[in-house]
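Chains as they are written, first to last, in the numbering used here: chain Z, 1 to 361; chain H, 1 to 361.
Notes for the one structure printed next.
There are 2 protein chains.
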Amino acid sequence: MDLTRREFGRLAGAAALAGMLPKTQAEGHSIGWCIVGLGRISMGHFMPGIKEGNTGRIVALVSGHRPKAQQQAAMYGVSDNAIYSYEDYDRIADNKEIDAVYIALPNGMHAEYTIRAAKAGKNVLCEKPMATSVADSQAMIDACRTAGKKLMIAYRCQYSPIQLKAIQMIRSGQLGSVQAIESSFGFNIRAGEWRLNRKLSGGGPLMDVGIYSLNACRYLTGEEPEDIHANSSVIDHDGRFTEVEENVGWTMKFPSGIVASCNTTYGGSMNGFYRVHGSKGMIEMAPAFSYEGNHLHADLNGGQQVDMPETEHDPDQFKTEADYFADCIWNNKEPKSDGEEGLRDMKYMSQIYQAAGLPSL
Amino acid sequence: MDLTRREFGRLAGAAALAGMLPKTQAEGHSIGWCIVGLGRISMGHFMPGIKEGNTGRIVALVSGHRPKAQQQAAMYGVSDNAIYSYEDYDRIADNKEIDAVYIALPNGMHAEYTIRAAKAGKNVLCEKPMATSVADSQAMIDACRTAGKKLMIAYRCQYSPIQLKAIQMIRSGQLGSVQAIESSFGFNIRAGEWRLNRKLSGGGPLMDVGIYSLNACRYLTGEEPEDIHANSSVIDHDGRFTEVEENVGWTMKFPSGIVASCNTTYGGSMNGFYRVHGSKGMIEMAPAFSYEGNHLHADLNGGQQVDMPETEHDPDQFKTEADYFADCIWNNKEPKSDGEEGLRDMKYMSQIYQAAGLPSL
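So, in structure tokens, the structure goes:
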């Protein structure tokens with residue numbers, strides 16, 4: 001491959017942006033992934049992301065539905081004896097092909113399947129929220145630490161170039177002193193979803209999608225919230241919200257004084273969104289948290305505008321996330337969104353629930 | 001004037017929308033306005049609005065700068081002996097041409113000049129926020145009531161067709177059950193503005209522009225907030241914020257369960273904005289609170305979209321406001337945004353400040 005100096009510089013910059021070292025990738029080592037839970041996010045996003053990249057391959061599946069697993073196994077070249085049920089999940093310990101598991105189960109199962117994976121000697125990439133309680137989250141961290149294995153929480157936004165661009169604009173001072181952030185994310189949930197079952201979900205929209213706003217406020221500011229105040233409600237008494245909340249609104253203050261106000265709902269369409277206001281300009285990301293098609297817009301003092309839509313040329317967010325975790329495993333690096341990072345959000349969500357008069361996590 | 005039936009219907013509809021009865025207007029009675037305070041909003045917006053309409057005329061001016069007043073008097077055909085200083089303001093009682101005063105002074109002067117106007121037997125249209133304390137607000141209401149004169153607070157948004165369209169979409173059920181609102185409004189203030197002087201302003205961005213978000217949440221929902229929580233901060237220690245706050249973020253819960261999260265700032269650009277999320281769709285107004293060029297967009301379930309920008313064909317918001325007050329005077333109607341309405345916002349702002357650990361109003 002012939003590269004001009006300029007092209008090489010751009011590629012090296014992109015690799016550095018994603019926190020990647022090309023070294024071990026060039027050596028041909030590929031991460032063997034075991035996919036735990038075959039739902040929409042696994043089959044529709046994460047597994048295609050792995051296939052698109054060249055840092056990993058799918059070598060095992062865990063599912064309660066063997067026919068579905070067999071169909072997926074055929075698509076990804078997974079051998080029949082690498083399809084596990086939840087009962088014989090611990091047998092993954094014997095499968096040396098498996099370097100890492102990707103856990104995409106209902107939240108209430110994250111802790112158990114992370115801890116069992118750690119005990120089986122596997123690295124873990126676990127979907128957010130990391131668990132349904134602070135105690136379970138700590139237990140996951142402890143189990144992975146004891147096993148000497150990596151634990152990463154799948155905060156894909158923290159690795160996507162468009163979010164990194166927003167962060168970089170803020171850190172570089174282009175926005176001046178940041179004053180305030182608004183963010184919201186929600187949707188109108190269908191009856192019958194596991195997300196409405198507290199044992200499986202741990203909570204309502206805050207745990208599921210509000211966490212995007214919470215995490216964004218943290219990665220955008222680079223600070224941890226101090227003062228958290230919140231309201232919560234159930235408006236639609238149609239049987240959906242007997243176990244979890246329908247709406248949460250909250251405000252947080254950060255040590256520098258930045259104030260954030262956020263909303264989340266399971267009762268109506270609420271496209272993921274944030275605005276960051278600084279003394280020298282503002283950033284709007286709308287949509288902000290989609291799997292693709294996010295759009296960054298900035299108005300800077302002096303009339304300078306930035307318009308940066310995600311396009312089909314941008315890397316798949318799940319590929320980027322998997323590539324990053326591969327790099328952490330290869331180079332023994334602690335993931336940026338490790339268990340401690342997931343635990344911080346769990347503690348803040350617990351504080352938000354408490355502030356709204358709901359049980360803590 | 002020849003009108004087709006269709007044109008007449010449209011005009012009648014517009015008049016009804018603004019709460020106007022054409023009766024007395026046709027009789028040729030015109031409201032004589034006394035403008036108190038010749039600043040940007042008077043000279044740039046309200047006075048041109050009066051001139052554009054046909055319900056009133058400017059008959060008197062009150063200013064501390066006689067040359068400026070004389071210049072404006074020449075533009076509007078105000079006689080020299082109808083130019084008053086603040087000292088001889090009470091002499092407006094003797095000017096039978098004056099039906100109403102428009103008070104566009106720093107907030108801290110609203111109460112005194114409203115009460116003196118009422119004692120002089122004049123109706124009062126007073127800019128928002130109505131005062132700098134709850135007690136002063138009540139005194140203004142009492143003075144106007146005792147004098148048997150109207151008191152209206154200049155919440156122009158409550159009368160503009162684009163806001164009425166948003167309200168109507170919500171009330172008609174097009175959005176289904178409303179769950180959540182986000183709103184924000186702010187700007188980067190220059191040092192030296194009277195708005196930074198607590199005696200003149202009563203507070204920072206919350207009193208000045210945050211009040212738009214607060215009031216919008218109330219007119220959009222048609223409800224009064226119950227649970228108010230807030231954060232406030234000063235980030236820029238550059239001498240501007242020694243008396244008033246720089247940032248406020250707050251969340252409110254309404255009796256139906258609707259949750260609103262709002263931000264305001266004096267530290268950065270924050271275009272006025274709101275989003276309303278319901279079970280059947282969402283409304284975005286961006287910009288939301290500008291003198292012109294506001295833009296309503298709605299996404300309704302089933303893919304229906306509403307896109308309604310304010311254009312040069314829309315009535316001037318200040319004209320609409322003045323026309324409405326003329327109608328209230330002619331037909332002895334209590335203004336929708338009367339003193340009690342202004343007082344409600346004062347009480348809620350006081351609660352927001354208290355919730356943020358700041359002194360109440």
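Ideal Cβ positions, reconstructed from N, Cα and C, are used throughout, including at glycine.
All figures in this text were calculated on a predicted structure; none of them were measured in a lab.
Simplified DSSP assignment, three categories, for residue i
{"i": "ARG240(Z)", "result": "coil"}
{"i": "SER183(Z)", "result": "strand"}
{"i": "LYS253(Z)", "result": "strand"}
{"i": "PHE325(H)", "result": "helix"}
{"i": "LEU361(H)", "result": "coil"}
{"i": "LYS347(H)", "result": "helix"}
{"i": "ALA355(H)", "result": "helix"}
{"i": "GLY37(Z)", "result": "coil"}
{"i": "LYS23(Z)", "result": "Any reading at LYS23(Z) is ruled out, since the residue's pLDDT is 43, under 50, leaving its predicted position unreliable."}
{"i": "GLU7(H)", "result": "Its pLDDT being 41, under 50, GLU7(H) is placed unreliably in this model, and the coordinates cannot settle the point."}
{"i": "LEU220(H)", "result": "helix"}
{"i": "ASN294(Z)", "result": "coil"}
{"i": "GLY173(H)", "result": "coil"}
{"i": "ALA100(Z)", "result": "strand"}
{"i": "ILE189(H)", "result": "coil"}
{"i": "ASP136(H)", "result": "helix"}
{"i": "ILE167(Z)", "result": "helix"}
{"i": "LEU125(Z)", "result": "strand"}
{"i": "VAL209(Z)", "result": "helix"}
{"i": "THR311(Z)", "result": "coil"}
{"i": "ASP142(H)", "result": "helix"}
{"i": "ASN107(H)", "result": "helix"}
{"i": "SER269(H)", "result": "strand"}
{"i": "ASP90(Z)", "result": "helix"}
{"i": "ILE258(H)", "result": "coil"}
{"i": "ASN331(Z)", "result": "coil"}
{"i": "ASN215(Z)", "result": "helix"}
Which residues DSSP lists as bridging residue i, in chain order
{"i": "VAL234(H)", "result": "According to DSSP, VAL234(H) bridges with nothing at all."}
{"i": "TYR274(Z)", "result": "SER183(Z) and MET285(Z)"}
{"i": "ASP338(Z)", "result": "MET152(Z)"}
{"i": "GLN305(Z)", "result": "ASP299(Z)"}
{"i": "SER63(Z)", "result": "Bridge partners of SER63(Z): none, in fact."}
{"i": "ILE83(H)", "result": "LEU61(H)"}
{"i": "ILE31(Z)", "result": "GLY56(Z)"}
Cβ-Cβ distance between residue i and residue j below 8 Å
{"i": "GLN310(Z)", "j": "HIS295(Z)", "result": "The sequence as given places Glu at residue 310(Z); Gln does not occur at that position. Yes; because the gap between Cβ atoms is below 8 Å, this pair is in contact."}
{"i": "PHE185(Z)", "j": "SER213(Z)", "result": "yes"}
{"i": "GLY32(Z)", "j": "ARG57(Z)", "result": "yes"}
{"i": "ALA60(Z)", "j": "ASN95(Z)", "result": "yes"}
{"i": "MET308(H)", "j": "LYS165(H)", "result": "yes"}
{"i": "SER232(Z)", "j": "VAL248(Z)", "result": "yes"}
{"i": "MET130(H)", "j": "GLY339(H)", "result": "yes"}
{"i": "SER256(H)", "j": "ILE235(Z)", "result": "yes"}
{"i": "ILE103(H)", "j": "TYR113(H)", "result": "yes"}
{"i": "PHE318(H)", "j": "ARG156(H)", "result": "yes"}
{"i": "TYR86(H)", "j": "ILE92(H)", "result": "no"}
{"i": "ILE283(H)", "j": "MET169(H)", "result": "yes"}
{"i": "TYR159(H)", "j": "GLU341(H)", "result": "no"}
{"i": "LYS280(H)", "j": "LEU175(H)", "result": "yes"}
Cross-chain neighbours of residue i in chain Z, by beta carbon under 7 Å
{"i": "GLU193(H)", "result": "Per Cβ cutoff of 7 Å: no residues; GLU193(H) is ~16 Å from chain Z at best."}
{"i": "LYS253(H)", "result": "ASN231 and SER233"}
Rounded Cβ spacing between residue i and residue j (contact assumed at less than 8 Å)
{"i": "ALA180(Z)", "j": "ASN263(H)", "result": "5 Å"}
{"i": "ALA154(H)", "j": "LYS128(H)", "result": "6 Å"}
{"i": "VAL276(H)", "j": "LEU343(H)", "result": "Contact doesn't hold; Cβ gap of about 25 Å is too wide."}
{"i": "GLN305(H)", "j": "ASP299(H)", "result": "6 Å"}
{"i": "ALA260(Z)", "j": "SER183(Z)", "result": "7 Å"}
{"i": "SER42(H)", "j": "ILE50(H)", "result": "So it is not a contact: roughly 10 Å between Cβ atoms."}
{"i": "VAL101(Z)", "j": "VAL78(Z)", "result": "Contact doesn't hold; Cβ gap of about 14 Å is too wide."}
{"i": "ALA111(H)", "j": "ASP142(H)", "result": "Going by Cβ atoms, the distance from ALA111(H) to ASP142(H) rounds to 11 Å, so no, they are not a contact pair."}
{"i": "GLY202(H)", "j": "LEU361(H)", "result": "7 Å"}
{"i": "SER30(Z)", "j": "MET152(Z)", "result": "That belief does not hold up - the Cβ atoms of SER30(Z) and MET152(Z) are roughly 18 Å apart, past 8 Å."}
Proximal residues of chain H, C-beta to C-beta of residue i below 7 Å
{"i": "THR265(Z)", "result": "GLN179, ALA180 and HIS277"}
Within chain Z, the residues that residue i reaches when beta carbons sit closer than 9 Å
{"i": "GLU223(H)", "result": "Simply none; closest approach about 12 Å."}
Proximal chain Z residues relative to residue i, where beta-carbon distance stays under 8 Å
{"i": "ASP299(H)", "result": "SER269"}
{"i": "GLU246(H)", "result": "GLN179 and GLY257"}
{"i": "ASN215(H)", "result": "Those do not exist, as ASN215(H) stays about 17 Å from chain Z at its closest Cβ, beyond 8 Å."}
Interface residues of chain H facing residue i [CB-CB closer than 9 Å]
{"i": "SER184(Z)", "result": "ALA180, GLU182, SER261, ARG275 and HIS277"}
Within chain H, partners of residue i - CB distance below 8 Å
{"i": "GLY294(Z)", "result": "Residue identity differs from the one stated: residue 294(Z) is Asn in this sequence, not Gly. Those do not exist, as ASN294(Z) stays about 17 Å from chain H at its closest Cβ, beyond 8 Å."}
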